[in-house]
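So the mapping is simple: the working numbering equals the position in the sequence shown, first residue as 1, plus 97.
Let me begin by presenting the structure, written as structure tokens, before commenting on it.
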Amino acid sequence: MALEEYRKKRNFSSTPEPAGKPGAAAKRAGKPLFFCVQKHLASHLHYDFRLEHKGVLLSWAVPKGPALDPATKRLAMKVEDHPLEYGEFEGVIPEGYGAGIVMLWDRGTWTPESDDVDAALKKGDLKFTLDGYKLKGSWVLVRTGGRYAGARGGGDRSWLLIKHRDEWAGELDITEFASRSVKSEGDFEDILAEDTPAIWKSNRPAKGGDAGAMLATIIERAAKLKAKRTGTTTARATSAKTTKVAKTRRVSSSKAARSSSKKKAT
Ligand code: MN
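Structural data, given as structure tokens:
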């Protein structure tokens with residue numbers, strides 16, 4: 098339950114990710130347990146599924162993301178525990194481990210369906226209920242035991258995330274249907290446009306394949322979004338130099354422009 102592995106992988110002077118504060122568990126005592134899913138475009142696109150347990154976030158990387166159809170079992174690779182504060186993180190990781198874009202895709206609370214979470218984890222069969230914006234109802238994480246044995250970190254890292262049959266199950270592709278952030282309502286390009294679209298000019302996190310192509314499109318769209326916003330500012334500054342008579346009219350139109358650009362930003 099320590100964050101050593103998490104901290105060892107990161108350089109906190111170059112990543113915006115939180116280092117994690119001590120004593121987080123004590124402050125959370127008696128509160129509902131937090132869960133989140135972060136959509137992460139790094140060397141590959143994946144969804145990081147995180148459950149609060151004993152002051153940290155237990156974490157699994159789910160390449161295809163959660164599925165609402167109980168017949169669709171999704172591979173979930175167990176990764177290092179993350180600090181609780183990580184659960185609200187959304188932004189751009191400029192370099193190093195996990196370099197790419199992180200979107201807060203879903204968040205809410207979770208309830209274990211067994212009394213002893215540690216025993217369930219040890220057994221490799223954790224049943225729980227989610228109450229998020231997108232994911233709800235009963236789910237299970239089952240360790241597959243050896244199917245991917247020999248893979249990095251050993252075979253015991255591979256689990257399956259499966260939806261149980263209940264009123265929240267269905268065939269809807271939730272990652273397609275609800276693809277945006279629950280924090281900013283933005284897509285990857287909006288998150289990147291808030292930062293620096295050209296950040297990975299020389300060393301892109303995803304170089305080839307689907308993720309590489311996706312990232313190239315996102316970088317281009319983010320640059321356009323950013324240019325559009327900067328362009329609006331320049332036009333406003335120019336119009337301020339015009340005559341007094343015209344100025345009165347322009348003030349109200351620039352107010353409108355400002356409030357519409359604000360709307361776009363949220
Ligand atoms: Mn990740």
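Note that beta-carbon positions come from the ideal geometry of N, C-alpha and C, so glycine has one too.
Bear in mind that the values here come from a model prediction, so they are computed numbers and not experimental data.
**Message:** Residues in the same chain with beta-carbon distance under 7 Å from residue 83, minus the five sequence neighbours each way, listed in chain order, please.
**Reply:** Because the chain in this structure spans residues 98 to 363, residue 83 falls outside the shown range and cannot be described.
**Asked** Which stretch, first to last residue, makes up the alpha helix (DSSP H) that contains residue 285?
**Response** 285-291
**Residues that residue 144 bridges to, as DSSP identifies them** = 136 and 159
**Message:** Starting from residue 61, trace the beta strand (DSSP E) in both directions and tell me its first and last residue.
**Reply:** Since the first and last residues shown for the chain are 98 and 363, residue 61 lies out of range.
**Prompt:** Which two residues bound the contiguous beta strand (DSSP E) that contains residue 116?
**Reply:** Where residue 116 is concerned, there is no enclosing beta strand (DSSP E), given that its DSSP letter is neither H nor E.
**Asked** In angstroms, rounded to a whole number, what distance separates the CA positions of residue 290 and residue 213?
**Response** 44 Å
**Request:** Would you kindly check if the distance between the Cβ of residue 232 and the Cβ of residue 203 is under 9 Å?
**Result:** yes
**Prompt:** According to the neighbour-count rule (16 or more other Cβ atoms, all chains shown, within 10 Å of its Cβ), is residue 262 buried or exposed?
**Reply:** exposed
**Prompt:** In its own chain, which residues sit with a C-beta less than 6 Å from the C-beta of residue 77, not counting the 5 before and 5 after it?
**Reply:** For the chain, the structure presents residues 98 to 363; residue 77 sits outside this window and is missing.
**Message:** Between which two residues does the alpha helix (DSSP H) holding residue 272 run?
**Reply:** 271-274
**Message:** Here's the rule: buried if 16 or more other CB atoms are within 10 angstroms of the residue's CB, otherwise exposed. What is residue 156?
**Reply:** buried
**Prompt:** Is any heavy atom in the ligand MN found nearer than 8 Å to the beta carbon of residue 139?
**Reply:** yes
**Request:** May I ask whether a heavy atom of the ligand MN can be found less than 8 Å away from the beta carbon of residue 195?
**Result:** yes
**Asked** residue 105 lies in the alpha helix (DSSP H); which residues open and close that run?
**Response** 101-105
**Message:** Measuring straight from C-alpha to C-alpha, what distance separates residue 138 and residue 199?
**Reply:** 7 Å
**Request:** Pick helix, strand or coil for residue 171, following the three-state DSSP scheme.
**Result:** strand
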